[in-house]
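Residue numbers (the working numbering), protein chains in the order written: chain A, 386 to 843; chain B, 2 to 319. A virtual CB, placed ideally from N, CA and C, is assigned to each residue, including glycine. If you're wondering where the values come from, they're calculated on a predicted model, not measured in any experiment. Beneath this line is the structure, given in structure tokens, with notes to follow.
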């Protein structure tokens with residue numbers, strides 16, 4: 386049992402759940418305390434100790450039955466033992482009519498013999514299970530192995546066998562019983578296969594978690610990333626966010642200057658009879674406020690996902706973040722980000738605002754912003770624009786942009802295009818540029834990280 | 002303190018239902034586990050699903066005091082842990098001046114006087130002048146207590162770090178007094194609305210319980226229990242409506258507490274069925290955002306164009 390739990394924990398880790406040593410030790414403590422007799426309680430005690438994030442609960446629920454499924458070892462019963470000698474004779478007579486390989490399979494079902502590890506290994510090789518590292522392929526792989534074991538043919542042959550038994554005069558009720566039990570064994574075997582497929586995939590996952598090193602991807606331009614690589618980077622963005630928060634906390638601590646804190650000064654000087662020898666100042670915790678406008682039009686789609694997941698993480702770290710996305714008009718997307726899983730939230734936004742052809746209109750989006758959301762900007766706000774400034778020759782509405790830039794404390798533009806392309810074709814970047822405090826080229830993830838640092842320094 | 006309730010999961014469940022708290026198997030099991038492992042319980046979930054209520058019910062069932070610390074941005078240890086009552090200290094020094102003079106007059110030399118004073122020094126930095134805030138109260142309490150740290154996600158990251166010592170060892174260090182250990186381990190419940198991610202270190206020390214919106218039957222049971230005056234059929238209709246609202250894309254989906262408020266409102270209005278008028282009058286109890294209200298009203302007026310025409314027909318009363 387213990388090794389089983391350990392395997393389960395390593396599978397969870399391989400699927401992206403962070404579990405510390407202390408937590409796994411605690412899972413054992415909890416299991417000790419509460420026992421394993423009741424499966425439901427057992428599941429809850431593992432979940433409460435191992436999973437500390439609601440987003441990881443689905444992963445847990447998916448893996449748990451794989452490891453601790455009902456019927457731990459699939460119970461296969463030996464049917465031959467129960468038969469009277471007469472019945473056994475009839476059965477072997479009926480079996481003789483079947484083709485050789487089917488007879489062997491049915492014999493196995495009758496004896497109730499589970500698949501041996503060697504057989505399973507051979508099957509895995511046959512269907513290419515050893516190269517799969519995505520749990521979504523589990524049912525498919527299990528099905529392939531069933532095919533390799535000729536399950537569909539066996540099912541047909543079983544009907545034939547039963548008919549043959551009836552013809553040579555076995556009791557109908559008895560036949561029905563035997564059929565039901567063979568069916569049961571068949572299902573147990575298919576459960577065994579499905580679990581084996583799941584475990585093998587998890588093993589592959591834990592052995593080859595990342596196909597390519599992160600560092601290489603960090604410096605690759607967004608355009609050159611495949612979908613799978615983007616997924617990896619999204620995970621990386623999330624990891625960075627955690628590091629980021631500690632940095633924010635440190636920065637706030639260092640910003641100790643500002644107004645006199647009378648109460649703290651009194652307190653610290655009690656030992657000097659309240660003669661203010663030591664002076665305490667109120668910590669000036671500078672809490673950044675951010676308003677972000679993100680272009681997700683066709684020309685930006687290649688990096689929309691990463692940019693949106695960047696906004697998502699930003700919102701997770703900085704409470705006062707208002708995120709907007711635009712193509713031809715502006716939409717408020719911060720609500721999509723609340724409490725949701727990063728990938729799902731980003732997918733949802735992209736789905737809600739499908740890209741069209743040549744319909745980017747930043748000018749109109751700015752108009753929307755001024756009409757509805759101008760109050761989100763004030764002297765403490767950093768305004769971030771994410772986009773390439775390609776406006777399809779629409780009116781760039783520089784008048785509105787200058788209003789925004791004046792209201793915000795800082796205006797930062799993140800542009801995936803290199804400066805040489807600004808102003809070329811339909812790009813209005815060079816016209817917006819004078820109003821920005823800072824324009825950063827963000828074409829790779831490492832550039833994005835550098836940009837985040839700059840934003841937080843504000 | 003009633004120690005019997007932690008005998009088994011079933012006894013805890015019974016005790017909680019006596020507190021008018023309907024707890025699912027999941028909630029009870031994890032709460033039971035938290036108690037038997039002596040670990041804090043971190044409860045997450047959308048606003049208004051009964052996270053705070055769980056702590057109250059646990060305190061009620063255990064028959065011990067509930068000490069509550071409401072977190073907010075800028076909460077620091079002087080407000081959460083302790084503060085020296087310096088006004089009182091000053092007052093005592095003034096009032097005791099004569100007595101001090103008397104004591105010190107016996108001293109022959111300056112150093113003797115200093116020694117004498119040093120002997121009395123402890124008086125001024127004793128628990129007498131310590132103003133305990135919720136955390137210290139929970140630790141110093143003579144009786145076992147339930148400590149509720151509410152909405153921990155509102156507090157700053159520094160405060161979270163500060164909690165770590167208390168949560169893992171149940172002790173606090175006060176420079177002037179030394180380390181104070183808890184006489185009884187308080188049963189700690191932390192709640193979070195998930196507005197930001199908590200630190201790994203904090204999560205590691207807690208058991209995790211996620212309370213989601215309840216199922217139809219569970220919610221109905223809560224409504225029956227808390228608002229018994231509401232007609233059974235109307236209650237079901239109301240809960241079905243709320244459950245449906247949660248499926249929609251709203252800025253703030255109604256939670257159990259809003260369902261209960263709404264149920265109360267329906268009782269107060271003496272409503273017998275959910276018709277258009279009643280809904281319109283009371284919808285603002287359920288939905289707290291203008292845009293949500295407008296959205297739902299649009300749904301109600303034009304049921305035929307919506308994705309769920311059947312359900313809305315039955316609610317719109319035509």
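Asked: Closest Cα partner of residue 327 (chain A) within the set A:693, A:576 and A:405; Found: Residue 327 (chain A) falls outside the range modelled here, since chain A spans only 386 to 843, and no answer is possible.
Asked: Sub-8 Å separation of residue 711 (chain A) and residue 760 (chain A) beta-carbons; Found: no
Asked: Best match in B:100, B:291 and B:183 for proximity to residue 141 (chain B) [C-alpha to C-alpha]; Found: B:183
Asked: Below-8 Å beta-carbon distance, residue 6 (chain B) vs any chain A residue; Found: no
Asked: Members of the stretch 71-88 of chain B near chain A, C-beta cut-off 7 Å; Found: 85 and 87
Asked: Uninterrupted beta strand (DSSP E) stretches inside the stretch 469-502 of chain A (no shorter than 3 residues); Found: none
Asked: Euclidean distance between Cα positions of residue 432 (chain A) and residue 588 (chain A); Found: 21 Å
Asked: Residues that residue 425 (chain A) contacts on chain D, provided the C-beta gap is smaller than 9 Å; Found: The structure shown contains no chain D; the protein chains it does contain are A and B.
Asked: Residues of its chain near residue 257 (chain B), where Cβ-Cβ distance is below 7 Å and the 5 sequence neighbours each way are ignored; Found: 49, 50, 51, 215, 220 and 223
Asked: Proximal residues to residue 932 (chain A) (C-beta, below 8 Å), its chain only, five neighbours per side dropped; Found: Examination of residue 932 (chain A) is not possible in this model, given that chain A is present from 386 through 843 alone.
Asked: C-beta neighbour in chain B for residue 469 (chain A), strict 8 Å; Found: no
Asked: Simplified DSSP assignment, three categories, for residue 745 (chain A); Found: coil
Asked: Three-state secondary structure (DSSP) of residue 171 (chain B); Found: coil
Asked: Own chain residues within Cβ distance below 8 Å of residue 309 (chain B), not counting five before or after; Found: Residue confidence for residue 309 (chain B) is low, a pLDDT of 47 falling below 50, so the modelled location carries little weight; the figure read from the coordinates is stated next. Counting only Cβ-Cβ distances below 8 Å, and skipping sequence neighbours, we find 245.
Asked: Environment of residue 167 (chain B) [buried if 16+ CB atoms lie within 10 Å]; Found: buried
Asked: From A:650, A:817 and A:801, residue whose alpha carbon lies closest to that of residue 836 (chain A); Found: A:801
Asked: Cut-off 6 Å between Cβ atoms - residues of its own chain near residue 33 (chain B), not counting five sequence neighbours on either side; Found: 10 and 13
Asked: Reference residue 163 (chain B); option with closest CA among B:80, B:286 and B:91; Found: B:80
Asked: Test: residue 720 (chain A) CB closer than 8 Å to a CB of chain B; Found: yes
Asked: Spatial neighbours of residue 237 (chain B) in its chain, beta-carbon cut-off 7 Å, leaving aside the 5 residues before and after; Found: 221
Asked: Rounded Cβ spacing between residue 674 (chain A) and residue 765 (chain A) (contact assumed at less than 8 Å); Found: 5 Å
Asked: Under 7 Å by beta carbon: chain A residues contacting residue 45 (chain B); Found: 439
Asked: Distance, residue 200 (chain B) Cα to residue 506 (chain A) Cα; Found: 42 Å
Asked: Residue 466 (chain A) versus residue 486 (chain A): straight-line alpha-carbon distance, rounded; Found: 23 Å
Asked: Other residues of its chain near residue 21 (chain B): CB distance less than 8 Å, five sequence neighbours each side excluded; Found: 58, 226 and 227
Asked: Start-end ranges of the alpha helix (DSSP H) lying completely within the stretch 499-584 of chain A, minimum 4 residues; Found: 502-512, 523-533 and 536-552
Asked: CB contact flag (residue 207 (chain B), residue 156 (chain B), <8 Å); Found: no
Asked: Run of the beta strand (DSSP E) containing residue 68 (chain B), from where it starts to where it stops; Found: 66-71
Asked: When A:579, A:838 and A:775 are compared against residue 528 (chain A), the one with the closest alpha-carbon; Found: A:579
Asked: Minimum C-alpha distance to residue 69 (chain B) - residue among B:54, B:119 and B:161; Found: B:54
Asked: Backbone CA spacing between residue 501 (chain A) and residue 575 (chain A) [nearest angstrom]; Found: 14 Å
Asked: Between the CA atoms of residue 30 (chain B) and residue 37 (chain B) - distance to the nearest angstrom; Found: 11 Å
Asked: Outcome for residue 551 (chain A) when other beta-carbon atoms lying within 10 angstroms are tallied against a minimum of 16; Found: exposed
Asked: Through-space distance from residue 797 (chain A) to residue 824 (chain A), alpha-carbon basis; Found: 6 Å
Asked: 6 Å CB neighbourhood of residue 43 (chain B) in its chain, flanking five on each side removed; Found: 191, 207 and 209
Asked: Close beta carbons around residue 833 (chain A), own chain, < 7 Å, minus the five adjacent residues each side; Found: 695 and 827
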